[in-house]
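Student: One structure coming up, written as structure tokens, with questions to follow.
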Amino acid sequence: MRITTWNLLHGQGAENLRALANALDVGNSDFAIGVQEVDAYQDRSAQVFQVSDLASELSAKHFGFVRCVIGTPGFKWRKVRSNEATLITNTSSANDDNPPSYGIGLITNIPVKKWEVLALGKSVVGLPLLFPAGDADSADAANSSAKPKLRFIYVKDEPRYAVAAQLENGFTVVNMHLSFVPFVNLFQLWRVKRWLAKMPGKHILLGDLNLPFDLPVKFSKWKSLISMASYPAWQPKIQFDYILSDNFAVDKSSKDLIKPIFLKSDISDHLPVTIEIN
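The sequence shown lines up with residues 2 to 279 when you count with the working numbering.
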């Protein structure tokens, strides 16, 4: 089984979803792919439902998309209302007019027994973050041929969620995108840790955790299944993107073989982080 986490920067630099699918290079493997910063019906991404369309390009029958916000982050957005669906899957719909939304998703070709979502809230304060100079949504933002010029922009935090898929092969996979605000993200990780511990099977926790220096491992006491600098894509120096487990054996005596798969891409400002479990 191939496991991937990838912050897509809403597909900046990708001409179409086929470019994303080709970059993931799943081949004939069973796979589970967690994606963050994905769009649905946004003008900036050609009005496509990115998680659904990417699943189709990967020939994956199962997907879950969590709408973290309605609208466009960095411009105008609001929280998902109580009468609106937070989770949209291959077997459910939004039951509304499909307003522009943004969030996280899980895509797999392994049958899903159950989907679950955990709301993690958001920080009450934002932070100045580095963005490529000019338009932060420019396709040049993820150009890996040269280091882009950067500038600080104050960004408000947005609601954060975790989505879990209990798979028929005995794994439970959780994808999340934690807050960029220090300590808030650690509290969110603690909540997800407690949530996942109650779920069945072998546990895989993945996502953009916005925590450098192996802090998710030190804080959670879980094992990292891959160590890899994933940000920024043009000159990777920091690992923000992790694949962790609390109950899946990875020591040398284990019969389970975990192999890192190094993929390169200029589609996002993050690199995809991938392992193969045999």
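For each residue, glycine too, the CB sits at the ideal point set by N, CA and C.
A quick note: this is a predicted structure, and the numbers were derived from the prediction, not measured.
Specify whether the region 114-125 and the region 180-193 touch according to this definition: at least 3 beta carbon pairs, one from each stretch, less than 8 Å apart.
Tutor: yes
Student: So what does DSSP say about A234, is it helix, strand or coil?
Tutor: coil
Student: Helix, strand or coil, according to DSSP, for N144 in the structure here?
Tutor: Because N144 sits at a pLDDT of 45, beneath the cut-off of 50, its placement in the model cannot be relied upon, and the point is left open.
Student: For D97, collect the residues of the same chain with a Cβ closer than 7 Å to its Cβ; drop the 5 residues on either side in sequence, then sort them by chain order.
Tutor: E85
Student: Looking only at its chain, what residues have a beta carbon closer than 6 Å to the beta carbon of N99, apart from the 5 residues adjacent to it on each side?
Tutor: Its chain contains Y42 as the residues whose beta carbon lies nearer than 6 Å to that of N99, once the 5 sequence neighbours on both sides are disregarded; these appear in chain order.
Student: In its own chain, which residues sit with a C-beta less than 6 Å from the C-beta of D141, not counting the 5 before and 5 after it?
Tutor: In this predicted model, D141 has a pLDDT of only 40, less than 50, meaning its place in the structure is not dependable; the value taken from the coordinates is given anyway. If we look at D141 and ignore the five residues flanking it on each side, it has no Cβ neighbours.
Student: Would you check if there are 3 or more beta carbon pairs closer than 8 Å linking the region 215-222 to the region 188-202?
Tutor: yes
Student: Do W116 and A47 come within 9 Å of each other at the CB atom, strictly closer than that value?
Tutor: no
Student: I'd like to know if the region 174-182 and the region 33-40 are in contact, where contact means that at least 3 CB-CB pairs between them fall below 8 Å.
Tutor: yes
Student: Measure the Cβ-Cβ separation of F172 and I111 and say whether it is below 9 Å.
Tutor: yes
Student: So, with DSSP's three-state summary, where would you put D267?
Tutor: Note: D267 maps to coil in three-state DSSP.
Student: How is the alpha helix (DSSP H) around K219 delimited, first residue to last?
Tutor: L216 to S221
Student: Would you please state the rounded distance, in angstroms, between the beta carbons of V274 and M229? I believe it to be under 8 Å.
Tutor: 6 Å
Student: How would you write the range of the alpha helix (DSSP H) that V185 sits in, first residue to last?
Tutor: V185 to A198
Student: Return the chain-ordered list of same chain residues with a C-beta closer than 8 Å to the C-beta of A22, the five sequence neighbours on each side being excluded.
Tutor: L55, E58 and L59
Student: Tell me M177's beta-bridge partners as DSSP assigns them.
Tutor: A163 and G208
Student: Please report the Cβ distance between S269 and Q13, rounded to the nearest whole angstrom; I am assuming they are in contact, meaning their Cβ atoms lie under 8 Å.
Tutor: 6 Å
Student: Which stretch, first to last residue, makes up the alpha helix (DSSP H) that contains E58?
Tutor: That run of the alpha helix (DSSP H) goes Q51 to E58.
Student: Can you round the beta-carbon distance between L107 and A163 to whole angstroms, since I take them to be within the 8 Å contact cut?
Tutor: 10 Å between Cβ atoms; not a contact.
Student: Suppose the cutoff is 6 Å on Cβ atoms and the five residues either side in sequence are ignored; what does the same chain contact list for H63 look like?
Tutor: N91, T109 and V113
Student: Tell me whether A198 is buried or exposed, calling it buried when 16 or more other Cβ atoms sit within 10 Å of its Cβ.
Tutor: exposed
Student: If you draw a straight line from the alpha carbon of G208 to that of A95, how long is it in whole angstroms?
Tutor: 24 Å
Student: Can you find the residues in the same chain that come closer than 8 Å, C-beta to C-beta, to F241, ignoring five residues on each side of it along the sequence?
Tutor: N8, D209, L210, N211, L212, P213, S231, Y232 and H271
Student: Going by DSSP, name the residue or residues bridged to F32.
Tutor: R3
Student: Buried or exposed: which applies to E169, given that a residue is buried once 16 or more other Cβ atoms fall within 10 Å of its Cβ?
Tutor: exposed
Student: Per DSSP, what are the beta-bridge partners of Y103 in this structure?
Tutor: BP columns for Y103 point to D40 and V70.
Student: For N248, which residues from the same chain have a beta carbon less than 7 Å from its beta carbon, with the 5 sequence-adjacent residues on both sides left out?
Tutor: K203 and H204
Student: DSSP on N8, reduced to helix/strand/coil?
Tutor: strand
Student: Going by beta carbon distance, what residues of the same chain come within less than 7 Å of I239, once the five residues before and after it are set aside?
Tutor: P213, A230 and Y232
Student: Would DSSP call L272 helix, strand or coil?
Tutor: In this structure, L272 counts as coil in the three-state DSSP scheme.
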